[in-house]
Amino acid sequence: MTHPGIELCGSTVFKAVTDGQAHADAICALNDRFPADAVTAIMDLTVEAEAFGAEIRFSENEIPNIVGRLVTDADEVAALEVPSLDRGRVREYLKANSIVASRIKDKNIYGGCIGPFSLAGRLFDLSELMMAMYIEPETVTMLLDKCAAFITSYLLAMKETGISGVILAEPAAGLVSNDDCYQYSSVYIKKIVDAVQDDRFSIVLHNCGNTGHCTDAMIRSGASALHFGNRADMVEALNTCPADMPVMGNIDPVGVMKQATPEQVYSTVSELLEKTSGYCNFILSSGCDVPPRTPFENIQAFYQALADYNEKD
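The numbering of the sequence shown is our numbering, which starts it at 259 and goes up by one.
Structure below.
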């Protein structure tokens with residue numbers, strides 16, 4: 259949840275996604291206003307693709323979008339260079355993480371980064387990538403190797419800023435089978451995990467495309483925690499995941515957090531807490547990034563439901 263913090267600062271999405279100081283100010287403003295147990299950076303899934311050279315379309319108060327395809331065949335993938343961290347807006351995001359780490363000392367701080375399969379889909383076009391998995395898998399694996407190499411270097415730089423970990427967003431991997439999710443996503447995430455994750459930096463794997471069919475693949479990624487979108491059944495997810503693995507989710511960020519009434523938010527959160535009351539590894543969260551122009555009354559209702567539930571227990 260970062261976009262409401264942008265509004266608290268009277269800033270714009272464009273300013274926050276292009277200026278690390280504005281991004282950090284939004285995170286800190288939100289932290290001052292609401293009692294989250296951790297703070298997170300904006301889930302901007304264009305930063306890494308832009309570093310590779312993808313064209314980005316910006317608007318004042320909407321998240322950035324990628325325009326067109328960067329690579330279209332094996333030759334172009336082979337010629338694609340793994341970019342340095344000086345490309346695009348990467349340094350501004352690292353700057354935001356560093357500023358927040360210097361300001362907030364009493365909570366975990368999580369950066370944001372796209373996962374390798376989702377990044378490959380943004381560079382190659384997701385529909386084309388999914389077809390290529392079956393007709394030219396060597397091209398796909400070559401691209402995934404380059405995506406994973408860049409993500410690894412990016413996360414190592416994030417780790418140096420002093421933050422606690424990263425939310426690794428891999429929504430596109432939820433669109434394929436469990437076996438394909440493992441082969442084309444989790445295998446590469448495991449390489450990233452082995453290079454980056456330790457007792458002071460954790461990877462939280464987010465897959466809001468998963469309806470429950472690829473939870474097994476997510477577990478096998480080696481990520482320290484899993485974050486589920488609102489399409490998943492949280493009780494089913496909790497029954498599938500190891501009891502000592504933090505499992506997070508999954509209030510609908512649009513249909514509930516943005517579009518419902520405060521009373522409906524309160525009721526929905528309370529119902530989820532009751533359903534998951536038997537699981538000590540469950541962590542309440544939205545199912546994905548809370549969007550711009552989410553009513554603050556709804557955010558307050560989310561936290562009030564949690565406070566009332568905890569008070570009752």
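All C-beta atoms in this analysis are idealised placements derived from N, C-alpha and C, irrespective of residue type, glycine included.
Q) What are the boundary residues of the beta strand (DSSP E) that Val471 is part of? A) Before going further, note that residue 471 is His rather than Val in the sequence given. Run containing His471: none; DSSP gives neither H nor E here.
Q | Buried/exposed call for Cys439, threshold 16 Cβ in 10 Å | A | The residue is buried, with at least 16 neighbouring Cβ atoms inside 10 Å.
Q. Beta-carbon separation of Ala336 and Met391 under 8 Å?
A. no
Q: Tell me whether the beta-carbon of Ser376 lies closer than 8 Å to the beta-carbon of Ala431.
A: yes
Q | 8 Å Cβ cutoff, Asp566 in contact with chain B | A | Within the model displayed, chain B is absent; a lone protein chain is all it includes.
Q: Identify which residue in Ala282, Gln455, Cys286 has its Cα closest to the Cα of Gly423.
A: Gln455
Q) Are the beta-carbon atoms of Pro511 and Ile541 separated by less than 8 Å? A) no
Q | Same chain, Cβ closer than 8 Å to Ser435, five either side skipped, listed in chain order | A | His471, Cys472
Q. Is Asp510 helix, strand or coil when you go by DSSP?
A. coil
Q. Are there three or more Cβ pairs, one per stretch, closer than 8 Å when the stretch 272-285 is compared with the stretch 551-568?
A. No, the stretch 272-285 does not touch the stretch 551-568.
Q) Between the beta-carbon of Met301 and the beta-carbon of Asp474, is there less than 8 Å? A) No Cβ-Cβ contact shorter than 8 Å links Met301 with Asp474.
Q. Hey, Ile447 and Ser479: beta-carbon distance below 8 Å or not?
A. yes
Q. Once you ignore the five residues that flank Glu306 on each side, which residues in its own chain have a CB closer than 6 Å to its CB?
A. Same-chain partners within the cutoff: Ile372, Leu377.
Q.
Three Cβ pairs or more, each shorter than 8 Å: is that satisfied between the stretch 459-466 and the stretch 479-498?
A. yes
Q: Assuming Val523 and Phe560 form a contact by the criterion Cβ under 8 Å, report the distance between their Cβ atoms to the nearest whole angstrom.
A: A Cβ-Cβ distance of about 6 Å is found for the pair Val523 and Phe560, placing them in contact under the 8 Å criterion.
Q. Can you list, in chain order, the residues of its chain whose CB lies under 8 Å from that of Ile393, leaving out five sequence neighbours each side?
A. none
Q. Ends of the alpha helix (DSSP H) at Leu381?
A. 374-382
Q) For Cys466, is the classification buried or exposed, using 16 other Cβ atoms within 10 angstroms of its Cβ as the cut-off for buried? A) buried
(Q) For the alpha helix (DSSP H) containing Ser356, name the first residue and the last one. (A) 348-361
Q: Can you tell me which of the three DSSP states Val325 falls into?
A: strand
Q: Determine, using beta carbons only, whether Ile409 and Asn289 come nearer to each other than 8 Å.
A: no
**Q.** Secondary structure, alpha helix (DSSP H): runs of 4+ residues fully inside the stretch 439-505
**A.** 445-454, 473-477, 492-498
Q) Taking all protein chains shown into account, do 16 or more other C-beta atoms lie within 10 angstroms of the C-beta of Gly536, making it buried, or fewer, making it exposed? A) exposed
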